[in-house]
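Asks:
Residue numbers (the UniProt record's numbering): 1 to 316.
(1) Going by DSSP in three states, residue 101 sits in which element: helix, strand or coil?
(2) Counting beta carbon pairs with one atom in the segment 194 to 209 and one in the segment 173 to 181, are three or more of them shorter than 8 angstroms?
(3) Alpha carbon to alpha carbon, what distance is there between residue 132 and residue 194?
(4) So residue 265 is in the alpha helix (DSSP H); what residue range does that whole segment cover?
(5) Is DSSP giving residue 77 helix, strand or coil here?
(6) Indicate whether residue 116 and residue 246 have their beta-carbon atoms separated by less than 8 angstroms.
(7) Can you name, in chain order, every residue of its own chain whose Cβ lies under 7 angstroms from the Cβ of residue 173, other than the five neighbours on each side?
(8) Since residue 30 is in the alpha helix (DSSP H), which residue starts that stretch and which ends it?
(9) Taking only three categories from DSSP, how would you classify residue 315?
(10) Figure out for me which residue from 66, 152, 82 has the closest Cα to the Cα of residue 98.
(11) Check the C-beta distance from residue 136 over to residue 196 and give it rounded, since I have them as a contact under 8 angstroms.
(12) If I measure Cβ to Cβ from residue 118 and keep anything under 7 angstroms in the same chain, skipping five residues before and after, which residues do I get?
(13) Can you give the Cα-Cα distance for residue 29 and residue 40, rounded to whole angstroms?
(14) At the level of alpha carbons, what is the spacing between residue 158 and residue 219?
(15) Can at least three beta-carbon pairs, one atom from the segment 258 to 274 and one from the segment 210 to 217, be found at a separation below 8 angstroms?
(16) At the level of alpha carbons, what is the spacing between residue 50 and residue 244?
(17) So, is residue 290 buried or exposed, given that buried needs 16 or more other C-beta atoms within 10 angstroms?
(18) For a test of the three-state rule: what should DSSP assign to residue 95, helix, strand or coil?
(19) Grab the span of the alpha helix (DSSP H) containing residue 250 for me, first residue to last.
(20) With 16 other CB atoms within 10 Å as the buried threshold, where does residue 107 fall?
(21) Is it buried or exposed, residue 94, if we count other Cβ atoms within 10 angstroms and call 16 or more buried?
(22) Going by beta carbon distance, what residues of the same chain come within less than 6 angstroms of residue 254, once the five residues before and after it are set aside?
(23) Just the Cα atoms here: how many angstroms apart are residue 151 and residue 67?
(24) According to DSSP, simplified to helix, strand and coil, what is residue 274?
(25) Under a Cβ-count criterion, where at least 16 other Cβ atoms within 10 Å of its own Cβ denotes burial, should residue 276 be classed as buried or exposed?
(26) Check whether the Cβ atoms of residue 235 and residue 162 lie closer than 8 angstroms to each other.
(27) Rounded to whole angstroms, what's the CA-CA distance from residue 7 to residue 33? Just pull it up for me.
(28) Any idea if residue 296 is buried or exposed, counting beta-carbon neighbours within 10 angstroms, 16 or more meaning buried?
(29) Cα separation between residue 251 and residue 233?
(30) I need the DSSP call for residue 213, collapsed to helix, strand or coil.
(31) Throw me the rounded Cβ distance for the residue 237 and residue 183 pair, which I believe falls under 8 angstroms.
(32) How is residue 87 classed by DSSP in three states: helix, strand or coil?
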């Protein structure tokens, strides 16, 4: 006779409580929503999308230049063609006075032109943001003195100051970046100062000060995040100006002679007499490339301005 089996007692299951979101996860979730909302608004600007697509294409070509054309394209001694050949199947954009492919030089030169433009614009905006926040935060006589110095830089032609700096310093790519960066910051400084004054008039800034927030806390934790949209828009607009200034300095013979850039190609074309001899294929490609990149950055900057400040009413 079999004995009855005993049923094992069931252990009560405790309901699982959902994990409490941490401060970091909430911050990143808010940032993801902000980026998604920004991209949704940006996509409504057709011109901005065209500019972004053009910049992405040119940026990919610049990054892939060592794989697409190779570093030998800059070599003068191992040039594959003859001097100043017109466009053909072998050389779609012709050759320069050394027999180098202009298409390869154009792709390789995009690396230097974009690097100088991005770095110089970042340096300029960084200086302008620092000066603008500090002047707007402290105010008083300090702000007056800083703004008078800014006005002096503002009324002086930035190109002339850049030429002076590039002349007295050694000819290198970093000299060009420094010359552009330290002469084009006043506009950003004035805009950021005005935005800083507007931000610091808000009630939560007074509460932060009442709770013991010092100058550094107020400027970095409250003012800087609120002026960053303006800084972002100013950066995109400043890159095109920096690229044009770099091309101008290189065209005047003040660029780095050891690297290939679009402005340097124009200067080489001038020295080779491309204007008087009618070699249009030497002048047109770098000039068109500079114009297209400047236009693309301007379109992106205008679109970003419209998204961050819809009252501007920039055409979509």
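Idealized CB from N, CA, C, for every residue including glycine.
Replies: Once the coordinates are examined:
(1) Indexing the chain shown from 1 puts residue 101 at position 101. Looking at residue 101 - three-state DSSP - the assignment turns out to be strand.
(2) no
(3) Counting from 1 along the chain shown, the entry for residue 194 is found at position 194. Counting from 1 along the chain shown, the entry for residue 132 is found at position 132. If I take the Cα positions, the gap works out to 8 angstroms.
(4) Start at 1 with the first residue of the chain shown, and residue 265 comes out as number 265. Taken as a continuous stretch (DSSP letters only), the alpha helix (DSSP H) holding residue 265 covers 262 to 271.
(5) Here residue 77 refers to the residue found at position 77 when the chain shown is read from its first residue. Of the three classes helix, strand and coil, the one that applies to residue 77 here is coil, per DSSP.
(6) Along the chain shown, read from residue 1 onward, the residue named residue 116 stands at position 116. Along the chain shown, read from residue 1 onward, the residue named residue 246 stands at position 246. Yes, the pair counts as a contact, with Cβ atoms nearer than the cut-off.
(7) In the chain shown, the residue the question calls residue 173 occupies position 173. So the qualifying residues of the chain are 112, 116, 256, 259.
(8) Locating residue 30 in the chain shown gives position 30, where the first residue counts as 1. Run containing residue 30: 23 to 42, per the alpha helix (DSSP H) assignment.
(9) Translated into the one-based positions of the chain shown, residue 315 becomes position 315. Caution applies to residue 315, whose pLDDT of 42 falls short of 50 and renders its modelled position unreliable; the value that the coordinates give is listed next. If DSSP states are grouped into helix, strand and coil, residue 315 belongs with coil.
(10) Residue mapping note: residue 98 aligns to position 98 of the chain shown, counting from 1. Among 66, 152, 82, the Cα nearest to that of residue 98 is on 82.
(11) Sequence index remark: in the chain shown, residue 136 carries index 136 (1-based). Sequence index remark: in the chain shown, residue 196 carries index 196 (1-based). Cβ atoms of residue 136 and residue 196 come within 8 angstroms of each other, at about 3 angstroms.
(12) For this step, residue 118 is matched to residue 118 along the chain shown. The answer, listed in chain order, is 239.
(13) Within the chain shown, the letter at position 29 stands for residue 29. Within the chain shown, the letter at position 40 stands for residue 40. The alpha-carbon atoms of residue 29 and residue 40 are separated by roughly 16 angstroms.
(14) Residue numbering aside, residue 158 sits at position 158 when the chain shown is read from its first letter. Residue numbering aside, residue 219 sits at position 219 when the chain shown is read from its first letter. Taking the straight line joining both Cα atoms gives about 29 angstroms.
(15) no
(16) Within the chain shown, the letter at position 50 stands for residue 50. Within the chain shown, the letter at position 244 stands for residue 244. Cα to Cα, residue 50 sits roughly 20 angstroms from residue 244.
(17) Position 290 of the chain shown, counting from 1, holds the residue named residue 290. Buried, by the Cβ-count rule.
(18) Taking the first residue of the chain shown as position 1, residue 95 is located at position 95. Strand, per DSSP.
(19) By 1-based counting over the chain shown, the position of residue 250 is 250. Where residue 250 is concerned, the enclosing alpha helix (DSSP H) stretches over 224 to 251.
(20) Indexing the chain shown from 1 puts residue 107 at position 107. Looking at its Cβ environment, which holds 16 or more other Cβ atoms inside 10 Å, residue 107 is buried.
(21) Translated into the one-based positions of the chain shown, residue 94 becomes position 94. Buried is the label assigned to residue 94, since at least 16 other Cβ atoms lie within 10 Å of its Cβ.
(22) Working through the chain shown from its first residue, we reach residue 254 at position 254. Within the same chain, residue 254 has close Cβ partners 166.
(23) Looking up residue 151 in the chain shown gives position 151. Looking up residue 67 in the chain shown gives position 67. So the alpha carbons of these two residues sit roughly 47 angstroms apart.
(24) To locate residue 274, count along the chain shown from 1; it is residue 274. Residue state, collapsed to three classes: helix.
(25) Reading the chain shown from its first residue, position 276 is the one you call residue 276. Classification for residue 276: exposed.
(26) For the purposes of this step, residue 235 is taken as residue 235 along the chain shown, with counting starting at 1. For the purposes of this step, residue 162 is taken as residue 162 along the chain shown, with counting starting at 1. No, Cβ-Cβ distance for residue 235 and residue 162 is not below 8 angstroms.
(27) For the purposes of this step, residue 7 is taken as residue 7 along the chain shown, with counting starting at 1. For the purposes of this step, residue 33 is taken as residue 33 along the chain shown, with counting starting at 1. Confidence at residue 7 is low in this model, with a pLDDT of 48, below 50, so its placement is unreliable and no value can be given for it.
(28) Position 296 of the chain shown, counted from the start, is the residue given in the question as residue 296. Buried is the call here.
(29) Taking the chain shown and counting its residues from 1, one reaches residue 251 at position 251. Taking the chain shown and counting its residues from 1, one reaches residue 233 at position 233. Going by the C-alpha atoms only, they are around 28 angstroms apart.
(30) One-based indexing of the chain shown puts residue 213 at position 213. DSSP places residue 213 in coil when its eight states are reduced to three.
(31) In the chain shown, the residue the question calls residue 237 occupies position 237. In the chain shown, the residue the question calls residue 183 occupies position 183. Their Cβ separation, rounded to whole angstroms, is 16 angstroms, which puts residue 237 and residue 183 out of contact at 8 angstroms.
(32) Your numbering for residue 87 matches position 87 in the chain shown. Here residue 87 sits in coil by DSSP.
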